[in-house]
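For the sequence shown, numbering that gives the first Met the number 0 gives the first residue as 0, with consecutive numbering after it.
Note that beta-carbon positions come from the ideal geometry of N, C-alpha and C, so glycine has one too.
Since this is a predicted model, take the numbers as computed values, not measurements.
This report refers to the structure that appears directly beneath it.
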Amino acid sequence: MAKNRLRDMPSQKDGKGYININGRQLDAFVFTKLSLDSEVVPEERAFLGEVVKQHAARGLNNTGSIAFYHCTPDLIQAVKEYKNGGEYPEITLQGYAQVASRGRCEVIATDVIINKISLLSLDDGNDGSMIFESDITFDDFDIISNFEV
0 MAKNRLRDMP SQKDGKGYIN INGRQLDAFV FTKLSLDSEV VPEERAFLGE
50 VVKQHAARGL NNTGSIAFYH CTPDLIQAVK EYKNGGEYPE ITLQGYAQVA
100 SRGRCEVIAT DVIINKISLL SLDDGNDGSM IFESDITFDD FDIISNFEV
């Protein structure tokens with residue numbers, strides 16, 4: 000068995016994320032954090048006369064979180080159109096982590112709902128960039144590429 004080397008492990012800064020809104024990739028939508036998770040939805044049941052509960056996987060729940068710099072009006076505009084009677088925008092999130100010795104792991108999440116759309120944030124005690132954070136849900140994901148083993 001080969002020795003694991005720290006230099007072969009991707010850091011959380013060795014990657015990038017992209018957002019597509021209604022088919023348009025927005026390069027100006029810069030992520031500071033992207034997390035995509037798929038959680039098992041379990042059922043548990045103790046049958047009559049049994050003390051120990053049994054468990055079964057009954058589905059998946061896809062969730063995550065994003066934090067991003069407010070660089071473009073496109074997301075706010077898409078939500079405004081939804082508010083005014085249009086359809087919720089079709090959103091996909093795509094991100095990758097990369098390290099030279101193991102290649103690239105790239106995942107795409109589709110039918111994303113961004114739970115909180117920040118319209119504006121001002122703070123007289125903060126000289127930093129305007130960063131918005133939100134939890135997300137998504138209906139499906141696909142693996143575009145995986146690390147080499």
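How would you call residue 27, buried or exposed, if buried means at least 16 neighbouring beta carbons within 10 angstroms? Note that residue 27 scores 49 on pLDDT, short of 50, meaning its location in the model is unreliable and no value can be drawn from it.
Using a threshold of 8 Å, state whether the C-beta atoms of residue 117 and residue 131 are closer than that. yes
State whether the region 73-85 contacts the region 39-54, with contact taken as three or more CB pairs (one from each stretch) at a distance under 8 Å. no
Identify whether residue 57 lies in helix, strand or coil by the three-state DSSP scheme. strand
Cα separation between residue 31 and residue 92? 13 Å
C-alpha gap between residue 54 and residue 109, whole angstroms: 29 Å
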